[in-house]
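Trainee:
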Amino acid sequence: MTEVKQLKSDPTPLHLIIEKRKKRFYILLTLFFGLVQLLWVGVPIVMAVMWSLVDPANPWSFPDMFPPSISPHQWQYVFKYTNIARALKTSYAIAPIAVVLSFILSLPTAYVMGRKNIPGKKIFMLVVLLPIIMPGMVVALFLSRVFTSFGLSQSFFGLVLAHTLMGIPYMIRVLTTSFQAIPQDVIDAAENLGATTFVKIKDIFLPMIRPGLLAGMIFAFTASIEEFNLTFIIGTPTFETIPTILFSFMGYNFIRTNASVVALIMMTPNIIMLFIVERFLKSDYLAASLGKM
Amino acid sequence: MRKVFTVILLAVIALSVVSAAGKVEAPVPTIDLQTSSWSAIVEEAKNEGELTFLAWYFPDYFREAAADFEKEYGIKVNVIIGEQTANFNKLISEKDRAVGTVDVSIVGGQWVKTTMDLDLFYGPIKNILPDADKLAPSLWEVQEGVLVRGFLAPFHRNQTGILYDPQRVTNPPQTFKELERWIDANPRMFGFNDPSRGGSGQAFVHTVIDNVAGGLDRYVGDTEVIPEKVANWDLVWKWFNDRKDKLTFTVSNNDSIIKINDGQMSMTYAWDDNVQEMMNHGNIFTRAKMYIPEMGAAGGGDTLGVLKNAKNKAAGLVFIHHLGSKAQQEKKFNMVGAYPARTDVPLSGTLLTEADRTNNAIAWFPAPYKDFMISEFVKHVLMTK
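Top line first, the protein sequences correspond to chains X and U.
Per this note's numbering, the first sequence runs over residues 1 to 293.
Per this note's numbering, the second sequence runs over residues 1 to 385.
1. Excluding the 5 residues preceding and the 5 following residue 68 of chain X in the sequence, name in chain order all residues of the same chain whose CB lies nearer than 6 angstroms to its CB.
2. Taking only beta-carbon atoms, is residue 145 of chain X less than 9 angstroms away from chain U?
3. Under 9 angstroms, do residue 245 of chain X and residue 87 of chain X count as touching if we go by C-beta distance?
4. Got a sec, what are the start and stop residues for the beta strand (DSSP E) residue 37 of chain X sits in?
5. Identify every residue that forms a DSSP beta bridge with residue 303 of chain U.
6. Leaving out five residues before and five after residue 367 of chain U in sequence, what residues of the same chain have Cβ atoms less than 6 angstroms from its Cβ?
7. Just to make sure I have the definition right: I need the residues of chain X whose C-beta is within less than 9 angstroms of the C-beta of residue 106 of chain U. Which are they?
8. Does the CB of residue 251 of chain X have a neighbour CB from chain U at under 9 angstroms?
9. State yes or no: is the C-beta of residue 43 of chain X nearer than 8 angstroms to some heavy atom of the ligand ZN?
10. Buried or exposed: which applies to residue 26 of chain X, given that a residue is buried once 16 or more other Cβ atoms fall within 10 Å of its Cβ?
11. Given that residue 141 of chain X touches chain U, what residues does it touch there, using C-beta distances under 7 angstroms?
12. Taking one C-beta from the region 338-357 of chain U and one from the region 118-127 of chain U each time, how about it: are there three or more such pairs within less than 8 angstroms?
13. Would you mind giving the Cβ-Cβ distance between residue 49 of chain U and residue 76 of chain U, rounded to the nearest angstrom? I have them listed as a contact below 8 angstroms.
14. Could you compute how far the alpha carbon of residue 196 of chain U sits from the alpha carbon of residue 374 of chain U?
15. Scan the region 186-271 of chain U and note each continuous alpha helix (DSSP H) run of 4 residues or more that stays entirely inside, going in chain order.
16. Inspect the CB distances between the region 165-181 of chain U and the region 324-335 of chain U and report whether three or more fall short of 8 angstroms.
17. Taking 9 angstroms as the CB-CB cut-off, is residue 80 of chain X touching chain U?
18. Give a yes or no on contact between the region 18-33 of chain X and the region 258-276 of chain U, applying the rule of three or more CB pairs nearer than 8 angstroms.
19. With a threshold of 16 other CB atoms inside 10 Å of the CB of residue 22 of chain U, please say whether the residue is buried or exposed.
20. Please classify residue 39 of chain U as buried or exposed, where buried requires at least 16 neighbouring CB atoms within 10 angstroms.
21. Compare the C-alpha of residue 251 of chain U against each of U:58, U:270 and U:63 and name the closest.
22. Does the region 180-191 of chain U come within contact of the region 94-102 of chain U, defined as at least 3 CB pairs closer than 8 angstroms?
23. Please name the residue in U:36, U:221, U:352 and U:235 whose C-alpha comes closest to that of residue 125 of chain U.
24. Name the chain U residues whose beta carbon is nearer than 8 angstroms to that of residue 258 of chain X?
25. Just checking: is the beta-carbon of residue 23 of chain U within a distance shorter than 9 angstroms of some beta-carbon in chain X?
26. May I have the straight-line CA-CA distance separating residue 293 of chain X from residue 28 of chain X, to the nearest angstrom?
27. What are the residues in the region 214-235 of chain U lying within 7 angstroms of chain X by C-beta distance?
28. For residue 57 of chain X, name the three-state secondary structure that DSSP assigns.
29. Strictly under 9 angstroms for the Cβ-Cβ distance: is residue 229 of chain X near chain U by that measure?
30. Take every Cβ of the region 210-217 of chain X, pair it with every Cβ of the region 138-145 of chain X, and state whether three or more of those distances are shorter than 8 angstroms.
31. Taking any Cβ of chain X, which residues in the region 44-71 of chain U have a Cβ under 7 angstroms from it, in chain order?
32. Given 8 angstroms as the limit, is there contact between the region 131-150 of chain U and the region 230-247 of chain U, that is, 3 or more CB pairs closer than that?
33. Buried or exposed: where does residue 24 of chain U fall if 16 or more other Cβ atoms within 10 Å of its Cβ makes it buried?
34. Over the uninterrupted beta strand (DSSP E) stretch that includes residue 55 of chain U, give me the two end residues.
35. Alpha carbon to alpha carbon, how far is residue 74 of chain U from residue 278 of chain X? Give it in angstroms, no decimals.
36. Using beta carbons (cut-off 9 angstroms, strictly below), is residue 267 of chain U in contact with chain X?
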């Protein structure tokens with residue numbers, strides 16, 4: 001009642017008041033999401049940066065809120081005493097190939113799962129996820145036998161194949177959803193206008209699954225960059241990837257300072273790639289939803 | 001689409017066959033390592049020319065030791081620093097291969113029984129290595145309650161004890177009764193790790209068994225768990241359950257040390273070499289102090305072994321000899337502070353005093369009891385409310 005009175009007495013037009021309130025609400029919402037982002041993503045990164053700069057001569061301990069002094073020692077240590085440069089090269093050589101291969105190998109399955117009604121589809125979709133549901137080391141130990149018997153362990157091709165296998169579940173899952181989302185009337189209309197299979201693939205399927213493809217690529221790429229178990233069992237000692245080094249500081253022998261350095265090294269290119277792909281994803285998704293392909 | 005798929009499939013199969021064709025066959029040994037002279041083994045090692053070494057800590061020391069080794073013998077060492085559990089999973093997964101990818105590995109106390117039971121290592125090597133008698137004699141025979149029969153060479157000796165923050169603990173407990181009183185007066189400020197995830201937690205539970213269930217002497221020499229001897233261990237589990245809300249359980253050896261550094265605990269059981277490494281990396285304050293209490297704490301040591309299916313066994317043996325040399329043991333102590341396995345290395349500035357080591361360090365009970373202790377602790381303490 002008081003509000004109504006106030007509105008009546010206020011000479012400002014009602015739509016401007018509502019506009020003002022909306023603006024205030026959006027600012028509050030932005031601040032809230034900013035805070036959530038800061039806590040969720042920002043704090044761990046800031047903590048990793050601070051731990052990576054801890055000076056061994058002045059450890060960061062209770063009750064200090066911040067490191068008493070900073071030093072590049074931890075970074076120098078990682079670059080001097082680990083094979084991080086070699087690991088970076090190997091990781092970023094494997095990941096793009098694994099992403100492309102997992103896309104090529106997933107495409108036919110995803111098409112069938114997304115567009116055709118086949119018996120046992122739901123069970124198959126669950127089975128596809130098994131490699132990422134089962135503990136990584138269990139999958140690695142079983143697969144290592146197969147890789148060894150085919151002479152694929154300790155080879156670059158074997159590693160690419162292993163990473164491809166770990167990327168396929170993500171790729172199939174995301175692409176299947178993309179194929180499912182394509183409206184049948186768009187395909188029917190194209191057929192009525194005489195579109196050949198090639199034209200349908202080029203002008204309908206590929207552009208419309210592009211957002212899903214990019215999302216699948218992010219998952220497959222990240223899965224490859226972070227893959228440890230299979231890489232370690234079948235690739236080490238001939239090959240070392242970044243997680244091999246990260247795990248040496250993170251597992252049983254957890255050294256927070258060095259683990260932070262390696263985590264930051266591993267994280268930075270991924271974040272850059274994520275931003276780039278996110279831009280593509282947004283524009284393509286809008287284009288697809290508006291039918292401007 | 002079908003054509004593309006067929007082409008890819010054929011390419012994968014073709015590449016697999018090509019890779020399989022290049023598979024490494026088991027090398028034929030040119031000399032018998034058990035009977036050859038040391039100089040002949042060194043010659044054989046030089047012919048092998050390289051080796052792969054697997055560890056999960058001290059990347060700085062091992063890379064320098066490898067560089068020294070290459071300089072002295074001209075043999076290249078590929079040092080791989082992995083994660084402990086993953087390392088052993090890898091070694092086990094390669095067990096049945098004619099030739100493995102690893103030649104030498106560090107063996108931590110937690111993995112001695114599994115690896116010895118699986119017969120992963122070549123040996124015995126004690127009779128082959130010169131100066132073997134200079135390395136801790138007890139570790140050549142038994143490591144953390146497991147008979148190693150000269151298959152694993154001592155690398156360093158480590159010891160558990162109580163780590164504490166002297167700013168928060170002014171009069172740390174020595175006896176079991178004092179510890180009980182301290183825990184009651186300072187809830188949650190004492191902790192230890194889940195014994196299934198690290199030796200320092202095992203050492204604490206071991207000490208509690210010693211003090212609550214009536215000494216450790218009665219288990220000596222047993223090769224399996226005698227049910228009558230563990231019948232009163234329910235008193236031990238009761239001791240833990242009665243104090244569950246006053247104790248802090250951590251997830252690993254290093255997690256306990258981190259919680260001391262972060263002020264979440266003031267006192268914990270820890271390995272001296274872990275603490276020293278964490279100090280070297282700035283992960284715990286330098287004011288931290290450590291001692292072996294009068295109630296006792298078990299010690300052990302890490303060892304080195306040559307894998308049975310190693311491609312470069314002679315080079316592996318020479319590398320183990322190199323790591324056990326006086327110069328390298330001194331270098332390791334100076335670089336990372338790990339207590340040497342050699343008994344003829346002069347020491348100063350250790351975390352634990354020699355008096356503590358002599359008077360208060362205790363031996364582990366036999367391995368079957370240790371396994372039983374871990375599984376029973378999980379069942380009766382961790383899995384109960």
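Beta carbons: idealized from backbone N, C-alpha and C, even for Gly.
Mentor: This is what the structure holds:
1. 58
2. yes
3. With contacts defined by Cβ atoms closer than 9 angstroms, residue 245 of chain X and residue 87 of chain X form a contacting pair.
4. For residue 37 of chain X, no beta strand (DSSP E) run applies; the uninterrupted alpha helix (DSSP H) run containing it begins and ends at 14-37, by DSSP.
5. U:107 and U:154
6. Leaving aside the five residues that flank residue 367 of chain U on each side, the residues in its chain whose CB is nearer than 6 angstroms to its CB run, in chain order, 113, 145 and 146.
7. Neighbours of residue 106 of chain U on chain X: none; closest Cβ ~11 angstroms, over 9 angstroms.
8. yes
9. Looking at this structure, you won't find the ligand ZN or any other ligand, since it has none at all.
10. exposed
11. 89 and 93
12. Note that the region 338-357 of chain U does not touch the region 118-127 of chain U; fewer than 3 beta-carbon pairs, one per stretch, sit closer than 8 angstroms.
13. Between residue 76 of chain U and residue 49 of chain U the Cβ distance is about 7 angstroms, and since that is below 8 angstroms, they are a contact.
14. 6 angstroms
15. 199-212, 234-242 and 253-261
16. no
17. yes
18. no
19. Here residue 22 of chain U scores only 45 on pLDDT, less than 50, and its place in the model should not be relied on; the value that follows carries that caveat. So residue 22 of chain U ends up on the exposed side.
20. Residue 39 of chain U is exposed by the Cβ-count criterion.
21. U:270
22. no
23. Nearest C-alpha to residue 125 of chain U among U:36, U:221, U:352 and U:235: U:36.
24. 281
25. The predicted position of residue 23 of chain U is uncertain, since its pLDDT is 47 and thus under 50; a value taken from the coordinates is nonetheless stated next. True, the Cβ-Cβ gap to chain X drops below 9 angstroms.
26. For residue 293 of chain X, the predicted model reports a pLDDT of 40, less than 50, meaning its position is unreliable; a value from the coordinates is still stated below. Going from the Cα of residue 293 of chain X to the Cα of residue 28 of chain X covers about 36 angstroms.
27. none
28. coil
29. yes
30. no
31. 52, 56, 57, 59, 60 and 63
32. no
33. The pLDDT assigned to residue 24 of chain U is 49, lower than 50, so where the model puts this residue is not dependable, and the model offers no usable value.
34. Looking at the DSSP string, the run of the beta strand (DSSP E) that includes residue 55 of chain U is 50-55.
35. 52 angstroms
36. no
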